[in-house]
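Some notes on the structure that comes next.
Numbering (our numbering), first residue to last: 2 to 94.
If you want it as structure tokens, here you go:
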């Protein structure tokens with residue numbers, strides 16, 4: 002696939018505030034390394050304080066894109082997606 006973003010291509014379930022904090026830290030590290038670029042800015046994610054409860058009031062979505070192959074990565078909470086809340090790659094962009 003793509004050596005730049007393959008490290009981010011696993012589906013990761015978000016079940017706790019710690020899970021969300023870890024995944025956001027991972028996504029931010031990908032941005033800092035130049036592998037990922039944030040495509041949108043959901044305030045529930047960008048203004049989140051580590052350890053805060055998971056947002057529950059509305060669907061939350063963050064999208065990142067690989068800077069080499071343009072694969073998309075989604076972080077979704079409260080979206081009623083079949084795989085549940087979590088981080089997942091989109092294949093076939």
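The beta-carbon is built from N, C-alpha and C at its ideal position, and this holds for glycine as well.
{"Asked": "Between the stretch 36-44 and the stretch 63-71, are three or more C-beta pairs nearer than 8 Å?", "Found": "yes"}
{"Asked": "Please give the ranges of any beta strand (DSSP E) in the stretch 15-58, keeping only runs that are unbroken, at least 3 residues long and fully inside the region.", "Found": "37-39"}
{"Asked": "Taking all protein chains shown into account, do 16 or more other C-beta atoms lie within 10 angstroms of the C-beta of residue 74, making it buried, or fewer, making it exposed?", "Found": "buried"}
{"Asked": "Once the 5 residues before and after residue 17 are set aside, which same chain residues still bring their CB inside 8 Å of it?", "Found": "55"}
{"Asked": "Going by the DSSP bridge assignment, what does residue 63 pair with across the sheet?", "Found": "76"}
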